[in-house]
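Beneath this line is the structure, given in structure tokens, with notes to follow.
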């Protein structure tokens, strides 16, 4: 019997210790949305695959997958996506956990028929709150986990946007450090519904 792809998400997060390093064991998280992250060159994030800095330079597209004909329920839902690195500057010494690489709100699923299992690019209805910053691990800093957390936004007549002046608008290197995605979600009433991640091994440079 095939494994439910949604149930495998939590297993994968625990395997790479994203639970508990980013999400605590007590976090209320039952994945309900399966999504992939696809870079312009075709490279795709797939729950822990290895990728390179070169493959991940440009802002990717998000693709939602319709499962079990339940897509109509989520047709009007909108989502916030956060990309982060808990291993900054290294997994052995993560003093800047977590480093915020990207935050974008207002992601919506494209129109799909109820029985469709296609995956199509999500509609980006707002500019990024935190502009996309590609992975750039320090040399000799080992393996880095780059995590995408997908949150369902609160139902409202008005589109959800992060209030102006919030830390998430900080785009400078120093402003991205030590960000807490759990506190961010709690503050704005966001519900975690999906996750994905990839791994990058930092370049090894011989000491001079």
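Residue numbers (my numbering): 82 to 289. We treat Cβ as the ideally placed atom computed from N, Cα and C, and that holds for glycine. These numbers come from a predicted model, not from an experiment.
Query	Result
Closest to residue 140 by CA distance: which of 171, 202, 179 and 89 is it?	202
Keeping to the same chain, check which residues put their C-beta closer than 7 Å to that of residue 210; ignore five residues upstream and five downstream.	184, 185, 186, 243, 249 and 250
Would you kindly report the start and end of the unbroken alpha helix (DSSP H) that includes residue 95?	88–96
When the Cα of residue 232 is compared with those of 178, 111 and 259, which residue comes out closest?	111
Tell me where the alpha helix (DSSP H) around residue 263 begins and ends.	262–269
Quick one: complete beta strand (DSSP E) runs, 3+ long, within the stretch 183–249?	200–202 and 224–233
So if DSSP puts residue 177 in a beta bridge, which residue, or which two residues, is it bridged to?	Beta-bridge pairing links residue 177 to no other residue.
Ordered along the chain, which non-local residues of its own chain (more than five positions away) have a Cβ less than 7 Å from that of residue 86?	115
Out of 176, 257, 113 and 168, point me to the one whose CA is closest to residue 272's CA.	113
Could you name the residues of the same chain whose beta carbon sits closer than 8 Å to that of residue 281, not counting the 5 residues immediately before and after it, in chain order?	131, 132, 133, 134, 137, 216, 218, 224, 225 and 227
Within 10 angstroms of the Cβ of residue 283, are there 16 or more other Cβ atoms? Answer buried if so, exposed if not.	buried
Between residue 221 and residue 168, what straight-line distance do the alpha-carbon atoms span, to the nearest angstrom?	13 Å
When you compare only the Cα positions, how much space is there between residue 269 and residue 173?	31 Å
List the endpoints of the continuous beta strand (DSSP E) containing residue 102.	Looking at the DSSP string, residue 102 is not in any beta strand (DSSP E); the run it does join, the alpha helix (DSSP H), is 99–102.
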